[in-house]
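Asker: Residue numbering for the sequence shown follows my numbering, starting at 1 and increasing by one per position.
Note that the Cβ used here is the ideal one computed from N, Cα and C, for glycine as well.
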Amino acid sequence: MDNKCKRAYITTPIYYVNDVPHIGHAYTTIICDTLARYSRLTGLETYFLTGTDEHGQKIEEAAKKRGKSAKQYADEISGYFKDLWDEFEISYDKFIRTTDKEHIKGVQKAFEVMYKKGDIYKDMYEGHYCVSCESFFTKNQLIDNEYCPDCGKPTNIVKEESYFFKLSKYEKKLLEWYNDKENCVLPKGKKNEVISFVEQGLKDLSVTRTSFDWGIKLPKSINDPKHVMYVWLDALLNYITALGYGDDEKLMKFWPATVHVVGKDILRFHAIYWPAFLMSLDLPLPKHIAAHGWWTRNGEKMSKSKGNVVNPRDVANAYGLENFRYFMLREVPFGQDGDFSQKALMDRINSDLSNDLGNLVNRVLGMSGKYFDMKVNSKDVEKFHKKELEEATNIINNLYTYIYDMQLNRYLEGLWKVLTIANQSIATYEPWKKMKESKEDEAMALVALIANLLVKVSIMLHPVMPKSTQKIASVFGVEINTESYKKYIENEELLGEITLEKIPPLFPKIEKMLMTSPEPTTVKETKKDKKEDTKSDGIITIDQFFQTKLKIGTILEAVEVEGSDKLLKLQVDLGEEKPRQIIAGIKAYYKPEELLQTQICVVSNLKPAKIFGHKSEGMLLAAKDKNSLSLMRPQNRVADGSSVG
Ligand code: ME8
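Following this line, the structure appears as structure tokens:
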């Protein structure tokens, strides 16, 4: 984000309505909500947009499966997203739906502008399409000539008349933009990936489809009713149609966007297609496109089919919404993947929130109550605690740099450094001793130092934890808003003479896991987890065991993997629509022909991997000693796909 402008425009991706919200969606939305609250707090005129992406083949198919019309289905799921964000008090200014009339009008207008400019032309498309990613691929990009390189699902061959956007025309201009604007794509590692993708050459992009209906029709002026727009063109344009593009453009004053926050999976669409579309429309480019990492469970992407989705409502209900917000932003550096674990969440609550913050509030209330009848006076803080005050002020004055780099975890680390200064000062200066030595002014200065640091921390933490921080600030008679931000943060003022207000203890400790289902286990181990694992000698629960789905299947084909002296490529029938391809390191022990029509035991819910350039969709089980390896098989033949357990 930019600290020079007066306005901020912050967007989440618009979420597909083929799935209910999970913690990944909540993460993006919470990041944006925090940025929006920070912008408003610091006095910027702010517009925060979220919404749902409702067109396209994927949604049409999902609705059909449930026997609903696409619109009925979209209404239902879009409602789930909106309800959840309202329940989470997400401070969005607009919730856009791509089925909104105004959006449709704006998209048609944009298409017309690009078409008239000569950036859109009609031709034939022939290639591969992944419905799940709503994405086109060339044959070279596919795994084993068939599977989507992004999600691993089979692609369809598409051959149809299509309108194309001249993406290739903008290749050079895009490279110039990446070069000129250092922070246009964040984090920098991801920006380099985008640059090398563009440097390999951009092909024109098919932007209409004729093989299904659920999409925005072309503008009447083009008069080609069998085409609907490609869902990504429709979806990306939401960032300007939400501001009234092509209609009432009053809100276009917020354009260009300050930041589009997206998951790393959709960076390519945002950092390549979107700026090219904007160039074609002669509109300024967004200031930042920031891609965060994935939340996984046990290292695996969350998905309904794997049954490993963590429901954000369950987490918030069990652990508290603001604790959950804090955890998500603090736990994982922006751009990196993070594994969701209840243990890590509990550790954050008990250690950071309860010990470091909640306890400090109790201590300041306790000390001022015991020694000064709840009064606090800051007149001697600078005299006795200049060093601590300066150190804390320096940290606070630099926090904005982390917001502008999207490093919210470091922003929070900064605030916790201030809390450490406060907690350590109590240990170092021992106010109880000062009182015994009748150095009341020194004891008062210490109590006032803590009070002032808590006020500053609660103001800066407000965008992440709005309600708890207001409770803390109310102890000191402060209401958190732009005015108090300017007073205590920008102008570095100290509290006057005040009487503290008692509040009930904040952030009670959590002793045991509060969610039973789904039961996430940790991958990213904390020190504490490691200790407990050793204690339990690697014992797991039955639920943990059943997270591994073992199935029996018959080997239909077995061939050597060219160039490898260890690997065989197997086609295994697991009773599914198609056989699975499994690459197994058993060549030294089995001849391909002796495996044919034998049954084996397969780990069927492993993330597909590429081994020696071949897709592998599972792992077989075998016992191994020093000299031999023996495949695990059922004693008698069973139906393919039978589960083991
Ligand atoms: O891609 N971890 O919508 P979508 C972290 N409609 N973030 C996650 C996540 C996870 N496990 N899963 C999802 C689309 N997200 C398009 C966007 S924008 C013009 C169109 C977040 O419902 C992440 O931000 O698949 C990701 O980019 C977004 O949800 C995608 O949601």
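#1: Compare the Cα-Cα distances from residue 501 to each of 434, 125, 366 and 415 and report the closest residue.
#2: Tell me the DSSP bridge mates of residue 156?
#3: Pick out the complete alpha helix (DSSP H) segments inside the stretch 36–88, 4 residues or longer, and give them in chain order.
#4: With which residues is residue 11 paired in a DSSP beta bridge?
#5: Tell me whether the beta-carbon of residue 45 lies closer than 8 Å to the beta-carbon of residue 71.
#6: Could you tell me which residues DSSP puts in a beta bridge with residue 573?
#7: Could you pull the DSSP bridge partners for residue 163 from this structure?
#8: Within the continuous beta strand (DSSP E) that includes residue 424, where are the two ends?
#9: Could you tell me which whole beta strand (DSSP E) segments of length 3 or greater appear in the stretch 234–317?
#10: Closer than 7 Å: is that where the CB of residue 443 sits relative to any heavy atom of ligand 1?
#11: Measuring straight from C-alpha to C-alpha, what distance separates residue 296 and residue 310?
#12: Pop quiz: residue 623 and residue 616 are said to be a contact at Cβ under 8 Å. What is the actual Cβ separation, rounded to whole angstroms?
#13: If we ignore side chains and look at the alpha-carbon of each, how far apart do residue 640 and residue 573 end up?
#14: Would you identify the three-state DSSP class for residue 339, choosing helix, strand or coil?
#15: Whole angstroms are fine: how far does the CA of residue 262 sit from the CA of residue 190?
#16: Where residue 52 and residue 73 are concerned, what is the direct C-alpha to C-alpha distance, given to the nearest angstrom?
#17: With a threshold of 7 Å on Cβ separation, who are the neighbours of residue 361 within its own chain once the five nearest residues in sequence on each side are excluded?
#18: Mind checking whether residue 78 and residue 160 have CB atoms under 8 Å apart?
#19: Report buried or exposed for residue 322, applying the criterion of at least 16 other Cβ atoms within 10 angstroms of its Cβ.
#20: Can you tell me where the alpha helix (DSSP H) with residue 396 in it begins and where it stops?
#21: Could you tell me whether the stretch 192–204 touches the stretch 166–180, where touching means 3 or more Cβ pairs closer than 8 Å?
#22: Considering residue 616, what are the terminal residues of the alpha helix (DSSP H) in which it resides?
#23: My output table needs one value for residue 610: the three-state DSSP class, helix, strand or coil.
#24: Keeping to the same chain, check which residues put their C-beta closer than 7 Å to that of residue 644; ignore five residues upstream and five downstream.
#25: Give the C-beta separation of residue 412 and residue 329 to the nearest angstrom, bearing in mind that I take them to be a contact with Cβ-Cβ under 8 Å.
#26: Out of 610, 590, 134 and 632, point me to the one whose CA is closest to residue 145's CA.
#27: So, using beta-carbon positions, are residue 259 and residue 10 closer together than 8 Å?
#28: Here's the rule: buried if 16 or more other CB atoms are within 10 angstroms of the residue's CB, otherwise exposed. What is residue 638?
#29: Quick one: measure Cβ to Cβ for residue 203 and residue 167, integer angstroms, because I've assumed they're closer than 8 Å.
#30: Do residue 22 and residue 15 count as a contact pair if the criterion is CB distance below 8 Å?
#31: Any heavy atom of ligand 1 inside 7 Å of the beta-carbon of residue 235?
#32: Taking the C-alpha atoms as reference points, what is the distance between residue 349 and residue 451?
#33: Starting from the N-terminal side, write out each stretch of the alpha helix (DSSP H) that is 4 residues or longer and does not extend beyond the stretch 161–238.
#34: Quick one: what's got a C-beta closer than 6 Å to residue 233's C-beta in the same chain, skipping five residues either side?
Answerer: According to the data block:
#1: Answer by Cα proximity: 366.
#2: BP columns for residue 156 point to 129.
#3: Complete alpha helix (DSSP H) runs here, min 4: 57–65 and 70–87.
#4: By DSSP's assignment, residue 11 forms a beta bridge with 49 and 260.
#5: Taking 8 Å as the Cβ cut-off, residue 45 and residue 71 do not qualify as a contacting pair.
#6: Paired residue(s): 554.
#7: Paired residue(s): 122.
#8: Counting along the chain, residue 424 falls outside any beta strand (DSSP E), though it belongs to the alpha helix (DSSP H) covering 408–429.
#9: The beta strand (DSSP E) runs lying completely inside the stretch 234–317 and spanning 3 residues or more are 259–263, 288–292 and 295–297, given in chain order.
#10: It does not: the Cβ of residue 443 is nowhere closer than 7 Å to a heavy atom of ligand 1.
#11: When rounded, the distance between both Cα atoms is 9 Å.
#12: Not quite, the Cβ-Cβ distance comes to about 20 Å (not below 8 Å), so this is no contact.
#13: One Cα belongs to residue 640, the other to residue 573, and the distance between them is close to 6 Å.
#14: Residue state, collapsed to three classes: strand.
#15: In a straight line, the C-alpha of residue 190 is about 12 Å away from that of residue 262.
#16: Distance between the alpha carbons of residue 52 and residue 73 is about 12 Å.
#17: Correct list, in chain order: 454, 472, 475 and 506.
#18: No, the pair does not count as a contact, with Cβ atoms beyond the cut-off.
#19: It is buried - the Cβ of residue 322 has at least 16 other Cβ atoms within 10 Å.
#20: Counting along the chain, residue 396 sits inside the alpha helix (DSSP H) bounded by residues 381–404.
#21: By the criterion of at least three beta-carbon pairs nearer than 8 Å, the stretch 192–204 is in contact with the stretch 166–180.
#22: For residue 616, there is no enclosing alpha helix (DSSP H); the enclosing beta strand (DSSP E) covers residues 614–616.
#23: When secondary structure is reduced to three states using DSSP, residue 610 falls in the strand class.
#24: Cβ neighbours of residue 644 beyond the five flanking positions: 550, 551, 552 and 601.
#25: Indeed, because the Cβ distance is near 6 Å, the residues count as touching under 8 Å.
#26: The candidate whose alpha carbon is nearest that of residue 145 is 610.
#27: Against a cut-off of 8 Å, the Cβ pair of residue 10 and residue 259 comes out as a contact.
#28: It is exposed - the Cβ of residue 638 has fewer than 16 other Cβ atoms within 10 Å.
#29: With a Cβ gap of about 7 Å, residue 203 and residue 167 count as contacting.
#30: Cβ atoms of residue 15 and residue 22: not closer than 8 Å.
#31: Result yes, Cβ under 7 Å from ligand 1.
#32: Between the C-alpha atoms of residue 349 and residue 451 there is a straight-line separation of about 22 Å.
#33: Counting whole runs of 4 or more residues, the stretch 161–238 contains the alpha helix (DSSP H) stretches 171–180, 188–199 and 231–236.
#34: Within the same chain, Cβ atoms closer than 6 Å to the Cβ of residue 233 are found at 207, the five residues on either side in sequence being excluded.
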